[in-house]
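Remarks on the structure that follows.
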């Protein structure tokens, strides 16, 4: 945009460029798209950004994103409140929710223990999780659904060590070949874990 | 996001989903990115959208986007105002500008003649172009740099027929093999045009 110094447009391009996975060309395309929106729709977009920031907060129980005191899952009495699925981010919870297979509730850590990024257990919502699984509550099982990374594994291990003395069943998502995946393309670690976790037919 | 009905977040995701080339997954990723921005930066983003809409208008001469009366190119007396490069969109002008080879000025049509999309000559800034190349002005050459599509060609042809009777030299961008392009991957039309337009070495 060297020759054309349209400051407001360049500012908008910069905003898009900062986004994950958006390069210079895409940022320009998106900025022009926004510029070509009818005024009312552009205002709607700007409002959606501000609204998301002012209206969204953390659920008091599971720390998921919500616009009221409790998130819809924690509020829902039809769900199994004795099973808690622990995930790293709200997006992970939403991915599990989309399977339509899980009827329990969630707990969102908002990250994983990662000494390299200066994230210790205190920065995660582990206190809140421990408060939920106190002896008076009826929690039966905690499913550790952190990422299948070194850090996700370490976080799962750390939390399970805190929960087990309380007599709670702690499980971990199964490792294995992705459904529809070709054996030949699976990496060795995955394949080894799939062998290890083999089930009888 | 079925189970989690966080309305403000879903609204934001929807806004991103409407954008060109942004699918459901990317829209969700971008919405979470915006949500995780510090409040001040989110406000900056929202303001950039509103500002782009309120502050950007068309240059009175070339119809390019600008935040003042005239765009920087039209204002610049060091540029060659006797050569006008006619393009379809502001992005095309910016692409030519980025070559750093062109010292003339631009004219932005804001589209091309396209009966299928109900766009006729009246919807484009052709009147404004004709006003610029009146007999009193010193315009020597008009370069038609519309897209190399059927519609871009037709638009170039239409405008050149209006300009030629006024004694103005009208040229068209060269067709040919892209620089760095392999002959074997060039389509037949491009190759035929490259042959036709061959130059002596």
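Protein chains in written order, with our numbering: chain A, -2 to 198; chain B, -2 to 198.
We put the beta carbon where it would ideally sit given N, CA and C, even for glycine.
Please name the residue, chosen from the options, that lies closest to residue i on a Cα-to-Cα basis.
{"i": "residue 58 of chain B", "options": "B/71, B/47, B/48, B/85", "result": "B/71"}
{"i": "residue 105 of chain A", "options": "A/115, A/153, A/131", "result": "A/153"}
{"i": "residue 56 of chain A", "options": "A/125, A/195, A/176, A/159", "result": "A/125"}
{"i": "residue 149 of chain A", "options": "A/133, A/128, A/136, A/172", "result": "A/172"}
{"i": "residue 95 of chain B", "options": "A/22, A/96, A/17, A/119", "result": "A/22"}
{"i": "residue 38 of chain B", "options": "A/194, A/16, A/26", "result": "A/16"}
{"i": "residue 119 of chain A", "options": "A/107, A/66, A/35", "result": "A/107"}
{"i": "residue 8 of chain A", "options": "B/176, B/113, B/40, B/185", "result": "B/40"}
{"i": "residue 129 of chain A", "options": "A/97, A/36, A/163", "result": "A/163"}
{"i": "residue 36 of chain A", "options": "B/113, B/135, B/51, B/73", "result": "B/51"}
{"i": "residue 161 of chain B", "options": "B/146, B/132, B/185, B/177", "result": "B/132"}
{"i": "residue 167 of chain B", "options": "B/66, B/34, B/81", "result": "B/81"}
What does a CB cutoff of less than 7 angstroms around residue i pick up in its chain, not counting 5 residues either side in sequence?
{"i": "residue 90 of chain B", "result": "61, 84, 103, 105"}
{"i": "residue 87 of chain B", "result": "61, 62, 105"}
{"i": "residue 111 of chain A", "result": "148"}
{"i": "residue -1 of chain B", "result": "The predicted position of residue -1 of chain B is uncertain, since its pLDDT is 45 and thus under 50; a value taken from the coordinates is nonetheless stated next. The answer is none, since no qualifying residue turns up."}
{"i": "residue 155 of chain B", "result": "110, 118"}
{"i": "residue 6 of chain B", "result": "28, 32"}
{"i": "residue 135 of chain A", "result": "79"}
Is the beta carbon of residue j closer than 7 angstroms to that of residue i?
{"i": "residue 42 of chain B", "j": "residue 46 of chain A", "result": "yes"}
{"i": "residue 32 of chain A", "j": "residue 24 of chain B", "result": "no"}
{"i": "residue 139 of chain A", "j": "residue 123 of chain A", "result": "no"}
{"i": "residue 53 of chain B", "j": "residue 64 of chain B", "result": "yes"}
{"i": "residue 79 of chain B", "j": "residue 137 of chain B", "result": "yes"}
{"i": "residue 3 of chain A", "j": "residue 28 of chain A", "result": "no"}
{"i": "residue 115 of chain A", "j": "residue 100 of chain A", "result": "no"}
{"i": "residue 141 of chain B", "j": "residue 158 of chain B", "result": "no"}
Ignore the nearest five residues each way along the sequence and tell me which others in residue i's own chain have a CB closer than 8 angstroms to its CB.
{"i": "residue 174 of chain B", "result": "180, 183, 187, 188, 191"}
{"i": "residue 194 of chain B", "result": "171, 172, 173"}
{"i": "residue 19 of chain A", "result": "13, 27"}
{"i": "residue 121 of chain A", "result": "106, 107, 108, 109, 110, 152"}
{"i": "residue 145 of chain A", "result": "170, 172"}
{"i": "residue 67 of chain A", "result": "56, 57, 58"}
{"i": "residue 34 of chain A", "result": "42"}
{"i": "residue 93 of chain B", "result": "82, 84, 99, 103, 142"}
{"i": "residue 69 of chain B", "result": "63"}
{"i": "residue 113 of chain B", "result": "none"}
Give every residue of the same chain whose Cβ lies closer than 6 angstroms to the Cβ of residue i, excluding the five residues on either side of it in the sequence, and list them in chain order.
{"i": "residue 127 of chain A", "result": "none"}
{"i": "residue 143 of chain A", "result": "85, 109, 149, 152, 153"}
{"i": "residue 197 of chain B", "result": "none"}
{"i": "residue 177 of chain A", "result": "none"}
Problem set entry | Residues of the segment 14 to 36 of chain B whose Cβ lies closer than 9 angstroms to any Cβ of chain A, in chain order | 15, 16, 17, 18, 19, 23, 25, 26, 27, 28, 29, 30, 31, 32, 34, 36
Exercise. Using a beta-carbon distance cut-off of less than 7 angstroms, what residues from the segment 159 to 185 of chain A approach chain B?
Worked result: none
Problem set entry | Contact set between the segment 104 to 118 of chain B and chain A, restricted to residues whose Cβ is under 9 angstroms from the partner | none
Problem set entry | Sequence ranges, beta strand (DSSP E) only - wholly within the segment 83 to 167 of chain A, length at least 3 | 101 to 105, 138 to 141
Exercise. In the segment 10 to 84 of chain A, which residue ranges form an unbroken beta strand (DSSP E) of at least 3 residues, counting only runs that do not cross its ends?
Worked result: 77 to 84
Problem set entry | chain A contacts made by the segment 50 to 71 of chain B, where a contact means CB separation under 7 angstroms | 50, 52, 53, 61, 62, 63, 64, 68, 69, 70
For this session: Select from the segment 137 to 150 of chain B all residues with a C-beta closer than 9 angstroms to any C-beta belonging to chain A, and list them in chain order.
Result: none
Problem set entry | Members of the segment 72 to 84 of chain A that neighbour chain B once the beta carbon cut-off is set at 7 angstroms | none
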